[in-house]
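Note that the sequence shown covers residues 25 to 384 in the numbering used here.
Notes follow the structure.
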Amino acid sequence: MKASVLHELGAPPVVEELDLRSLRPHEVRVRLAASGVCHTDLSIRDGSMPALLPTTLGHEGAGVVAEIGSGVTRTKPGDHVVLSWVAPCRACLHCLRGAAHLCVHGLDHGFGDPYADGPAGPVWPAMGCGTLAEETLLPETAVIPISAELPLEQAALLGCGVLTGVGAVVRTAHVRPGETVLVVGCGGVGLAAVQGARLSGAARILAADPSPSARERALASGATHVIDPAADDVPAAARELTDGHGVDHGIEVVGLSTTIRSTYDATRRGGIVTVVGAGRFDDDVSIPALSLMADAKQIRGSVFGSTDPDRDLPPLVDLVLRGALDVNALVTRRIGLADVDGAFAAMTAAEVARSVVVFG
Ligand SMILES: [Zn+2]
Ligand SMILES: [Zn+2]
């Protein structure tokens, strides 16, 4: 089967033929129908996110179950499935406390034995998924069966971008009807956050992004106001749009200390700042110590949108099916497996929200 494999940090991935190893107990082989190209794939290519090399990129996909290993009970060949890069163990301290997104074993499957052989030797699946390939194999807990009604091309984005963006608003920030929300950064995850704010009944949804096309997509996804950070001071613009108070919820989806600070400044006293963007390990955020106490804002980290794929994916599928969640608004380009590096360039230039590889 063909896969987009990264051999060297910073280099473009190459399409090559891999042989998957045979299934072990509780593993599932999936034939991919579609796979999104996520910003985290670019972070893996550039070395700011860890992966064992060589690695098949991609961690956001949907497809059809081709084969199951012994002991698999939750799915069977022919099922339509969404893949999750968190495979909850259901036994660690976090899983037992209902926080599957923090599972200490959730990513083990990407850092264990190689899953395939390629022309240059063993290959690992990035984030345990390796969805930018015609096929992959995963632990059954990372394979979530969904209704066959939803086209798999739309389902593909649910496993990372949509769970993360909608989850950040619904599960991390707990936005309530009538509140005001600012989303800083309107790539695929940011647009999903805008849609999450709309689904939550936010009264005003402000979206900030320097790209005019990203601001247009934010308006189409439900933003009520857009801010151009290149032209306007984001905290000042947010205060102006909220009677001088600042927003109830600042949602940061960029991952830079500067945008985290400006999201903090745009959030009202007592408000909630949710950090979704994946920043660098050496990029410290500076916040005045007095403000941390006196302004009583809460800062929340949001990994995987604080979601549990088993609990949260099926309702997202229902929302897409009844037209309440518009996944098509996040897809701006359909590409082939050979175009993954071009998708990174388009992502960096903010030309697209999401590029999706569709397998024939
Ligand atoms: Zn992702
Ligand atoms: Zn666990």
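Beta carbons are placed, not taken as given, at the ideal position from N, Cα and C, and that holds for glycine.
- Shown in chain order are the residues whose CB sits closer than 5 Å to a heavy atom of ligand 1: Cys62, Thr64 and Cys184.
- For Pro163, the CB stays at least 6 Å from every heavy atom of ligand 2.
- Note on geometry: alpha-carbon atoms of Pro338 and Met317 lie some 40 Å from one another.
- Counting C-beta pairs closer than 8 Å gives fewer than three between the stretch 52–66 and the stretch 125–139, which falls short of the contact rule.
- Across the structure, Leu156 and Leu30 are spaced so that their CA atoms are roughly 11 Å apart.
- DSSP lists no beta-bridge partner residue for Thr266.
- The stretch 214–224 makes contact with the stretch 185–194; the number of CB pairs closer than 8 Å reaches 3 or more.
- Arg358: member of the beta strand (DSSP E) spanning Arg357 to Ile359, first to last residue.
- Around the C-beta of Lys100, fewer than 16 other C-beta atoms lie within 10 Å, and the residue is accordingly described as exposed.
- Using a Cβ-Cβ distance cut-off of 8 Å, the stretch 324–331 and the stretch 282–300 are in contact, since at least three pairs of beta carbons, one from each stretch, lie closer than that value.
- For Thr298, there is no enclosing alpha helix (DSSP H); the enclosing beta strand (DSSP E) has its first and last residue at Thr291 to Val299.
- As DSSP reads the structure, His104 sits in a beta bridge with Val88.
- His31 sits in coil when the DSSP states are folded into three classes, being neither helix nor strand.
- The straight-line gap separating the alpha-carbon atoms of Val88 and Ala348 is approximately 25 Å.
- Of the residues assessed, Gln322 falls on the exposed side of the cut-off, its CB having fewer than 16 other CB atoms within 10 angstroms.
- Here DSSP, grouped into helix, strand and coil, assigns Leu243 to helix.
- Between Gly34 and Gly202, the alpha-carbon positions lie close to 45 Å from each other.
- Straight-line spacing of the CA atoms in Gly102 and Leu230 works out to 42 Å.
- Taking the C-beta atoms as reference points, Ala216 is found no nearer than 7 Å to Val207.
- Considering only Ala290, Asp289, Ala320 and Arg285, the residue with the shortest C-alpha distance to Asp307 is Arg285.
- For Pro333, the secondary structure class from DSSP, reduced to helix, strand or coil, is helix.
- Every residue whose Cβ sits closer than 7 Å to any heavy atom of ligand 2 is listed here in chain order: Pro112, Cys113, Arg114, Ala115, Cys116, His118, Cys119, Ala124, Cys127, Val128, His129 and Gly130.
- Two segments are said to touch when three or more pairs of C-beta atoms, one from each, lie closer than 8 Å; by this definition the stretch 69–88 does not touch the stretch 116–123.
- Residues of the same chain with a CB within less than 6 Å of the CB of Ile68, apart from the 5 flanking positions on each side, are Ala75 and Ala150 in chain order.
- A straight line joining the alpha-carbon of Gly270 with that of Gln178 spans about 35 Å.
- In summary, Ala290 is buried, with 16 or more beta-carbon neighbours lying within 10 Å of its beta-carbon over all protein chains present.
- In the structure shown, Val128 adopts coil according to DSSP, grouped into three states.
- Around the beta carbon of Asp267, a 10 Å sphere encloses fewer than 16 other beta carbons of the protein chains shown; the residue is thus reported as exposed.
- CA-to-CA, the gap between His50 and Ala144 works out to about 28 Å.
- Our two residues, Ala302 and Asp257, have alpha carbons roughly 23 Å apart in a direct line.
- Within the stretch 133–214, the beta strand (DSSP E) runs of at least 3 residues that lie entirely inside it are, in chain order, 140–142, 145–149, 159–163, 167–169 and 204–208.
- Where Leu76 is concerned, there is no enclosing beta strand (DSSP E), because DSSP gives it neither an H nor an E.
- Rounded to the nearest whole angstrom, the CA to CA distance from Glu276 to Ser94 is 43 Å.
- In the DSSP assignment, Ala302 falls outside any alpha helix (DSSP H), carrying neither H nor E.
- Non-local beta-carbon contacts of Ile92 in its own chain, meaning distances under 6 Å to residues more than five positions away in sequence, involve Val52 in chain order.
- Excluding five sequence positions before and after Ser235, the CB atoms of its chain that fall closer than 6 Å to its own CB belong to Ala374, given in chain order.
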